[in-house]
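In our numbering, the protein residues as written are -19 to 228.
Note that beta-carbon positions come from the ideal geometry of N, C-alpha and C, so glycine has one too.
Just so we're clear, the structure is a prediction, and the values are computed from it rather than from any experiment.
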Amino acid sequence: MKKKIVVLSGAGISAESGIATFRDGDGLWNNHKIEEVCTPDAWSKNPTLVNDFYNARRIEVLKAQPNKAHLDLAKAEEEYDIVVVTQNVDDLHERGGSTNIIHLHGEILKARSSNPCYDWAGISPDPKINNFKTYPVDCKGLTINDMADDGFPLRPHIVWFGESVPKLVDAVYEVEKADALIVVGTSLSVYPANGLIWHANCPIWTVNPDIDLDAEMTMPTRAIRSRATIGIEIALNQIKKYFEKHSN
-19 MKKKIVVLSG AGISAESGIA TFRDGDGLWN NHKIEEVCTP DAWSKNPTLV NDFYNARRIE
41 VLKAQPNKAH LDLAKAEEEY DIVVVTQNVD DLHERGGSTN IIHLHGEILK ARSSNPCYDW
101 AGISPDPKIN NFKTYPVDCK GLTINDMADD GFPLRPHIVW FGESVPKLVD AVYEVEKADA
161 LIVVGTSLSV YPANGLIWHA NCPIWTVNPD IDLDAEMTMP TRAIRSRATI GIEIALNQIK
221 KYFEKHSN
């Protein structure tokens, strides 16, 4: 049976493909207040502004290409059971070749109905209403005139601030079953994703030029102070040696 490696990825891994991060000095947060574009209330007040914001991001994502870190993780599936739990809403892990991906915060290239009867997971309290489906969104983006099959405007398939994270349960399950955990390109500052590391029952590798894990972590941690395109290969090599040493 293959060893399971769970990868918790954040904006840093996509930044090396040219996708701007929200929290860097030149990131997108500087141009938009969170409450203007990334909350359910923002959608209610100004859906056109929200759509314009995400349309611009879609163009950026579609122009970007997977980098070496994405490709290295995909190739590692030949030897390991790799599960990628990503905070990113782009599709670079998919295009890089990874096959088992949990998107905690949604997917930028998808939309879904804004019907208020649905919760984020697509469940309606009314049994007569079908659960929502997702719709692909290309470089043309969304407008307020794009409608779902139920007659409501399509909204970005994104988990906004103030909304639940339905994939979190799946992510916790995978982290608890991991034989090794790689944390790459994330500051671990966004709740509730930042709590996933505390469910690990295995050694943890961090790949980040600036950030180490909390010294209070109970599991062994190894910090690789490097960008993702270099650090993922290093982490995978170290994990291989760890598995070989602890094979019995």
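Output the distance between the C-alpha atoms of residue i and residue j, rounded to the nearest integer angstrom.
i       : j        : result
Asp32   : Glu16    : 12 Å
Ile(-1) : Ala49    : 14 Å
Ile82   : Arg75    : 14 Å
Gly121  : Val63    : 29 Å
Glu59   : Val65    : 18 Å
Ile(-7) : Pro46    : 9 Å
Ile124  : Lys(-16) : 43 Å
Ala36   : Ile191   : 29 Å
Tyr222  : Leu168   : 25 Å
Lys55   : Val145   : 29 Å
Leu161  : Ala(-9)  : 17 Å
Leu89   : Gly77    : 17 Å
Gln67   : Ile219   : 23 Å
Lys43   : Pro200   : 38 Å
Asp71   : Val117   : 12 Å
Asp150  : Val(-13) : 13 Å
Tyr34   : Ile214   : 34 Å
If you reduce the DSSP assignment to three classes, tell me which class residue i lands in.
i        : result
Ser(-11) : strand
Tyr222   : helix
Thr114   : strand
Trp140   : coil
Asp61    : strand
Gly86    : strand
Ile14    : helix
Arg202   : strand
Ala91    : strand
Val155   : helix
Would you please state the rounded distance, in angstroms, between the beta carbons of residue i and residue j? I believe it to be under 8 Å.
i        : j      : result
Trp185   : Ile210 : Actually they are not in contact, since the Cβ atoms of Trp185 and Ile210 sit about 13 Å apart, beyond 8 Å.
Ser(-11) : Val164 : 5 Å
Trp140   : Pro27  : Trp140 to Pro27, Cβ: 12 Å. No contact.
Arg207   : Cys119 : With a Cβ gap of about 28 Å, Arg207 and Cys119 do not count as contacting.
With DSSP as the reference, please indicate the residues paired to residue i in a beta bridge.
i      : result
Leu161 : Val(-14), Ile184
Pro96  : Pro96 pairs with nothing; no bridge assigned.
Met127 : Pro133
Thr66  : Ser(-11), His83
Take residue i and list the residues in its own chain whose beta-carbon comes closer than 7 Å to its own, dropping the five residues that flank it on each side.
i      : result
Val152 : Leu176, His179
His226 : none
Pro172 : Val145, Leu148
Given residue i, which residues of its chain have a CB within under 6 Å of its CB, disregarding the five upstream and five downstream residues?
i      : result
Asn95  : Asp130, Phe132
Asp126 : Leu134
Lys147 : Ile82, Leu84
Once the 5 residues before and after residue i are set aside, which same chain residues still bring their CB inside 8 Å of it?
i      : result
Glu40  : Gly(-2), Ile(-1), Ala0
Thr114 : Glu87, Lys90, Ala91, Arg92, His137
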